Structures are given as C-alpha cells and as structure tokens.
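Have a look at the structure below, then the notes.
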Amino acid sequence: MYDVLTSYGLEVEFHVYQQSGPKKNVVATIPGTAHPEQVVYMTGHFDSVSPSAETSAPGADDNGSGTAAFLEAARVLAQYEFENTIKLVGFNGEEEGLVGSSAYVSAIANQGEQVIGCFNLDMVAYRGNDPGPADLYIYTDPSSLP
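Here this note's numbering is used: the first residue of the sequence shown is 603, the next is one more, and so on.
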C-alpha cells in the first residue's frame, strides 16, 4: 500500500503503534491549498482474519473491496488540489478490535488536529442477505459545525 500510494505522487508515511510489538498504519497526505489546517479523511482497513484455522479469511470483501476502492480513489484524488488537506489512511488491526484506527485517532486527538470529515471504505458493495436496495449510513455530529 505504501509503495502504491507513493507511486501516485503522494506524501506517504507510516503511523507506528504498539500491539504485541510495532504495527503500522499507512498515511498519505494531499496538502490543502487554502485551509491546510482543516483535514478530511478517507480511510479503510487492509487486514483480514479467519474465524478459525480451518476456514478461509473473508478478505475479498472484508476488506479487499474497500482496499481496492481506497487505492483507486487515492489515484484519482492525487491528480487534484483541494482547499482542505486530504489524508488517506490505511488501517491495520481493524479485525482485532479497531486497534490501528484507535491508536491513530488517539494520536491526532492529542495533536489537536482539526478533522472536518471522514469517509470510511469497508466492505464496499457488500449486500449480505439483504434483498432490498443497499443502505447508506451517514453519521453526523451537529456539535462539530462551525
């Protein structure tokens, strides 16, 4: 993921956190031109686990689909400039209980980063057993409005 994001011309770094040794999230940045202090995130996790040693991990959908969408969106976004900073973060340790994302959010909260939005790509186009149209969930926090 690091190499692919770098090949798009993005500034890429690792966010290292500890969980039974060092683990890494991958962070790519498109600096904002007018309001670089305001950050919009696009995130997704790149890990997958199997529920048992006898079964395959569900990686194609959870979260191969999200990772593919994440990388393609990053490729497209890298071609443009934006008023706000865009950070694209690939999280590790999601299947173990949101470990990588929790570590990352704790770090940016301690730094006082001004986050104005986040798009999370997880299990893109997954329908499960739902025969109806796919649901789209939008979470908002009115208290975060300026």
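The beta carbon of each residue, even a glycine, is placed where N, CA and C say it ideally should be.
It should be emphasised that the depicted structure is a prediction, and the values quoted were computed from it without experimental measurement.
Problem set entry | Spatially closest choice to HIS617 from ALA670, TYR706, ASP605, by CA coordinates | TYR706
Problem set entry | Cβ separation of ASN686 and VAL642, assumed to be a contact under 8 angstroms, to the nearest whole Å | 5 angstroms
For this session: Assign ASN712 to one of three DSSP states: helix, strand, or coil.
Result: helix
For this session: Assign SER658 to one of two classes, buried (16 or more other C-beta atoms within 10 Å of its C-beta) or exposed (fewer than that).
Result: Residue environment for SER658: exposed (fewer than 16 other C-beta atoms within 10 angstroms of its C-beta).
For this session: Mind listing, in chain order, the continuous beta strand (DSSP E) runs of no fewer than 3 residues lying wholly within the region 667 to 709?
Result: Listed in chain order, the complete beta strand (DSSP E) runs (minimum 3 residues) inside the region 667 to 709 are 686 to 693.
For this session: Name the residue from GLN716, ASP724, PHE648, ALA727 whose alpha carbon lies nearest to the alpha carbon of HIS637.
Result: GLN716
Exercise. Skipping 5 residues on each side, what residues in its chain have a beta carbon closer than 6 angstroms to that of SER654?
Worked result: none
Exercise. So, helix, strand or coil for TYR643, using DSSP?
Worked result: strand
Exercise. In terms of residues, what are the limits of the alpha helix (DSSP H) holding VAL606?
Worked result: 604 to 609
Exercise. DSSP state of PRO653, grouped into three classes?
Worked result: coil
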